[in-house]
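Below is one structure, written out as structure tokens; comments come after it.
Right, dumping it as structure tokens:
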């Protein structure tokens with residue numbers, strides 16, 4: 001399956017996934033999104049590896065209940081197909097509301113810092129104006145399924161203001177921020 | 190047959206307590222918020238009015254509701270004054286005086302139409318996610334006691350949010366819990382609950398918020414950030430706190446990271462409410478600079494996330510987490526400096 005289109009370029013982040021945030025109701029202890037080992041309920045989320053659209057932006061949904069499903073940010077450098085882009089779209093969630101920065105590397109050697117703002121996954125509003133991409137209506141605890149506490153995955157975007165070829169994205173050193181998928185939006189010509 | 194229940198049933202008059210919640214507050218602010226609403230006050234205007242940094246070495250307790258509260262000349266503390274330094278909000282901790290009648294003070298408060306904030310251990314409360322699983326110190330609001338039916342009426346705005354009856358025997362277990370050390374919660378266990386309660390009073394109605402009034406508060410708070418004092422206050426106090434945090438972290442001291450989480454929550458919640466209030470005032474008063482200052486204060490709250498959670502995830506190996514702790518402590522320091530400058534500039538025009 002490919003979500004690549006004329007406008008959108010999916011980014012393969014599979015090599016960076018280092019955290020499991022989604023679990024099955026039959027094995028809630030397998031997930032550990034946050035420090036209390038809470039996790040999203042798989043039954044409320046798309047199938048692993050499926051093509052999903054959020055406000056028209058296509059994402060490749062990560063594996064579900066099949067190993068790590070997200071990148072817990074620790075300064076990973078994500079190489080991207082060199083090109084001119086206007087937006088970096090992400091599916092992300094945070095352990096508490098958080099804002100940090102990503103560093104964007106360009107083919108001409110320039111580097112720009114841009115904000116990455118992600119709202120809390122825990123029963124929280126979209127504080128930074130994100131789109132609620134997916135919502136698990138229950139929260140998984142290591143030993144039970146908790147009703148009344150939703151877990152939210154947000155669709156956020158980061159601007160690419162420099163008119164140059166983007167080559168890579170350096171994620172923040174911030175363990176609170178989790179990235180599930182990345183899609184680049186090409187500059188309109 | 191006639192059954193006399195009136196002397197054993199106590200509840201506040203009027204509607205049940207309103208929930209008040211923000212995603213960065215703890216049960217401390219949410220319970221105070223419920224009390225303030227009942228007093229006819231706007232919780233954001235009261236709890237968000239003040240903004241300070243205060244770290245009291247050796248004082249941090251492993252409780253969700255920990256808040257640094259300096260002792261006065263008599264050695265007493267006033268949690269209300271610490272939370273809302275610009276208002277006549279006062280709160281004192283108390284415990285039942287009579288072991289043989291632990292409900293006496295609760296009955297008296299409810300009969301006086303006052304809410305009671307009670308410390309509890311989530312492990313014993315059926316409506317809490319940690320029920321039967323994790324020990325953790327928490328606060329709830331008591332708004333009724335029905336000894337005839339054997340229930341306590343409790344309100345809790347923290348997700349999943351609850352308002353209703355809890356069996357007295359369950360509540361007593363929670364209220365009197367030793368809250369023992371629990372490996373599943375390193376931050377809010379290991380702190381005896383001891384049937385603690387808070388008596389909260391707003392002794393004077395909150396004055397209508399005007400630019401002049403807010404400006405005075407902001408100038409006072411900016412002075413607090415930029416003037417070094419004997420305690421760990423302001424930017425100098427933050428520097429002392431951060432230096433000790435880093436030093437102990439490098440030395441492999443996990444206790445400093447256990448303390449960071451509840452202490453940081455207090456500072457984070459305060460900054461988030463203050464920032465939100467300034468943004469709201471900026472919008473209402475058509476003052477974009479004030480709104481921007483509020484956003485800068487919110488950035489302080491958001492920077493606390495990085496520091497708190499780096500510490501939380503670094504518990505098992507503090508020395509390995511030290512470089513990231515240093516990184517986030519520096520980032521947070523920068524956020525404080527920018528926010529203090531922005532608030533100072535906005536205050537100068539109010």
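Residue numbers (this note's numbering), protein chains in the order written: chain V, 1 to 189; chain H, 190 to 539.
A virtual CB, placed ideally from N, CA and C, is assigned to each residue, including glycine.
query, result
"Residue 481 of chain H versus H:532, H:325, H:348, H:431, residue with shortest Cα-Cα distance", "H:532"
"Supposed contact pair residue 47 of chain V and residue 31 of chain V - C-beta distance, whole angstroms, cut 8 Å", "Not confirmed; about 17 Å, so no contact."
"Sequence-distant residues of its chain with Cβ nearer than 8 Å to residue 359 of chain H (five each side left out)", "313, 314, 315"
"Chain-ordered residues of the segment 139–153 of chain V with a beta carbon less than 8 Å from chain H", "139, 141, 142, 143, 144, 146, 147, 148, 149"
"Chain V contacts made by the segment 207–229 of chain H, where a contact means CB separation under 8 Å", "212, 213"
"Residues that residue 122 of chain V contacts on chain H, provided the C-beta gap is smaller than 8 Å", "212, 348"
"Cβ-Cβ distance between residue 185 of chain V and residue 86 of chain V below 8 Å", "yes"
"N-terminal and C-terminal residue of the beta strand (DSSP E) that residue 381 of chain H is part of", "Where residue 381 of chain H is concerned, there is no enclosing beta strand (DSSP E), given that its DSSP letter is neither H nor E."
"Best match in H:502, H:491, H:219 for proximity to residue 117 of chain V [C-alpha to C-alpha]", "H:491"
"Integer Cβ distance of residue 96 of chain V from residue 176 of chain V, believed to fall under 8 Å", "6 Å"
"Interface flag, residue 65 of chain V vs chain H, CB-CB below 8 Å", "no"
"Contact check, residue 178 of chain V vs residue 72 of chain V, beta carbons under 8 Å", "yes"
"Residue-chain proximity (residue 174 of chain V, chain H), Cβ-Cβ < 8 Å", "yes"
"Within chain H, partners of residue 35 of chain V - CB distance below 8 Å", "498, 501, 502"
"Against chain V: residues of the segment 427–444 of chain H by CB proximity under 9 Å", "none"
"Rounded separation between residue 169 of chain V and residue 18 of chain V - CA only", "17 Å"
"Residue 265 of chain H versus residue 398 of chain H - alpha carbon distance", "30 Å"
"For residue 331 of chain H: DSSP bridge partner residues", "H:305, H:343"
"Distance CB(residue 484 of chain H)-CB(residue 449 of chain H) smaller than 8 Å", "no"
"Presumed contact (8 Å Cβ cut-off) between residue 341 of chain H and residue 415 of chain H, rounded CB distance", "Incorrect: roughly 47 Å between the Cβ atoms, too far for contact."
"is_contact[residue 548 of chain H, chain V] using C-beta, thresh 8 Å", "Outside the displayed span of chain H (190 to 539) sits residue 548 of chain H, for which this structure offers no information."
"Sequence-distant residues of its chain with Cβ nearer than 7 Å to residue 350 of chain H (five each side left out)", "208"
"Where residue 8 of chain V sits in the DSSP three-state scheme", "strand"
"Residue-chain proximity (residue 513 of chain H, chain V), Cβ-Cβ < 8 Å", "yes"
"C-beta neighbour in chain V for residue 233 of chain H, strict 8 Å", "no"
"Below-8 Å beta-carbon distance, residue 369 of chain H vs any chain V residue", "no"
"CB contact check: residue 353 of chain H to chain V, cutoff 8 Å", "no"
"Which listed residue (V:174, V:148, V:4) has its alpha carbon closest to that of residue 41 of chain V", "V:148"
"The alpha helix (DSSP H) enclosing residue 516 of chain H, as first and last residue numbers", "507–538"
"Contact with chain H by residue 125 of chain V, beta-carbon distance below 8 Å", "yes"
"Candidates V:145, V:76, V:51, of which the one nearest residue 16 of chain V by Cα", "V:76"
"Whole-angstrom C-beta distance between residue 328 of chain H and residue 201 of chain H, which should lie under 8 Å", "Not a contact, Cβ separation roughly 17 Å."
"Distance, residue 230 of chain H Cα to residue 394 of chain H Cα", "7 Å"
"Buried versus exposed, by CB contacts within 10 Å (16 or more), residue 5 of chain V", "exposed"
"Alpha carbon of residue 525 of chain H to alpha carbon of residue 27 of chain V, nearest angstrom", "42 Å"
"Beta-carbon spacing of residue 24 of chain V, residue 145 of chain V below 8 Å", "no"
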